[in-house]
């Protein structure tokens with residue numbers, strides 16, 4: 002017996018259904034890839050911004066811990082000012098500190114530098130800068146090498162404790178160094194609707210004598226954990 006096989010092609014309706022399903026699967030795949038890419042970009046942005054804030058705070062910690070506390074009174078210097086910018090103030094911190102990293106590699110320098118930290122406007126961004134002045138002298142105008150250490154800064158605030166009260170300024174005419182220095186640095190949220198990057202550092206200057214010298218060890222300061230996030234978390 003011979004069986005006849007009949008071959009049928011796809012009907013127009015079947016082809017339209019198959020095409021619709023294929024297009025839907027492609028759209029879902031593209032949307033998933035975009036969501037994964039966006040999530041990855043958000044994580045990378047948060048990590049990058051948090052690392053930048055951490056880097057700036059590490060530099061601040063080393064400089065404050067290694068502040069010059071010996072020698073003549075004229076050799077010791079820590080001045081903290083509060084500068085009004087808009088609705089809030091921002092700190093301007095200047096101190097003399099021991100530092101092994103030279104400001105200018107091709108010129109002779111000592112171990113004591115005058116270092117300043119302050120916020121300045123860079124086009125439409127607020128950036129935290131560090132100015133390192135080698136061989137500081139009272140009869141010379143302050144200068145030195147300027148370096149941006151954090152971008153998109155919302156707040157840079159330093160407070161000083163004299164053993165009794167906290168103050169947001171430490172004037173030039175103070176006859177001693179503060180017992181404690183508290184530094185808060187807030188970076189703008191990496192994503193729209195996200196949370197700002199916040200870190201707080203406290204240094205006990207009285208305990209910092211000779212304990213740290215660019216070793217990366219937190220000998221006398223205590224760094225608060227970074228707070229960061231995005232909307233919905």
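Numbering (the numbering used here), first residue to last: 2 to 234. A virtual CB, placed ideally from N, CA and C, is assigned to each residue, including glycine. Predicted model, so just to flag it, every value in this text is computed and none were measured.
Option in 172, 202 and 204 with minimal Cα separation from residue 82: 172
Identified DSSP bridge partners for residue 168: The secondary-structure analysis by DSSP pairs residue 168 across a beta bridge with 161.
Nearest neighbour of residue 190, chosen from 184, 198 and 183 [CA to CA]: Here the closest residue by C-alpha is 198.
Which of helix, strand or coil DSSP assigns to residue 175: coil
Proximal residues to residue 94 (C-beta, below 6 Å), its chain only, five neighbours per side dropped: 81, 118 and 159
For residue 59, the three-state DSSP class (helix, strand or coil): helix
Residue 188, DSSP secondary structure in three states: For residue 188, the secondary structure class from DSSP, reduced to helix, strand or coil, is strand.
Reduced DSSP secondary structure (H/G/I, E/B, other) of residue 211: Below a pLDDT of 50, predicted positions are generally treated as unreliable, and residue 211, at 47, falls in that range; the measurement from the model is reported next regardless. Residue state, collapsed to three classes: coil.
CA-to-CA distance, residue 27 to residue 21, given in whole angstroms: Between residue 21 and residue 27, the C-alpha separation is close to 10 Å.
Proximal residues to residue 54 (C-beta, below 7 Å), its chain only, five neighbours per side dropped: 151, 186, 188, 198, 200 and 227
Contacting residues, own chain, Cβ-Cβ under 6 Å from residue 164 (five flanking each side not counted): 180
Rounded separation between residue 12 and residue 196 - CA only: 55 Å
Three-way DSSP call (helix, strand, coil) for residue 53 in this model: helix
Rounded straight-line distance, which links the Cα of residue 101 to that of residue 213: Residue confidence is low: residue 213 scores 48 on pLDDT, short of 50, so the model does not pin down where it sits. No coordinate-derived value is stated.
8 Å Cβ shell around residue 60 - same chain, five flanking residues per side excluded: 131 and 150
Option nearest residue 154 by Cα separation, candidates 146, 127 and 162: Looking only at 146, 127 and 162, the smallest Cα-Cα distance to residue 154 is reached by 127.
Coarse secondary structure for residue 144, derived from DSSP in three states: Here residue 144 sits in coil by DSSP.
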